[in-house]
Amino acid sequence: MTSPPKHDVKDLALAAEGKRRIEWADRQMPVLAAIRERFEAERPLDGHRIAACLHVTTET
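With our numbering as the guide, the letters of the sequence shown map in order to residues -19 to 40.
Structural data, given as structure tokens:
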């Protein structure tokens, strides 16, 4: 069994605001929601290790 990834969280008090902003972005970006739903169903990346770094803000 693998251990969960370790995270260095600077301020847990910001979690609720972060969740609210993520939910807002999800509602305002239906294309991303559609892509997520499709990939959750099809699972085209099963068996592959993917690494990415993406800077997304509510302004983009």
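Note that beta-carbon positions come from the ideal geometry of N, C-alpha and C, so glycine has one too.
How many Å lie between Arg23 and Ser(-17) at the Cα? 23 Å
Tell me where the alpha helix (DSSP H) around Glu39 begins and ends. That residue, Glu39, is in no alpha helix (DSSP H); it is neither H nor E in DSSP.
Hey, how far is the Cα of Ala31 from the Cα of Leu25? 12 Å
Residues near Arg29 by beta carbon distance below 7 Å, same chain, minus five either side: none
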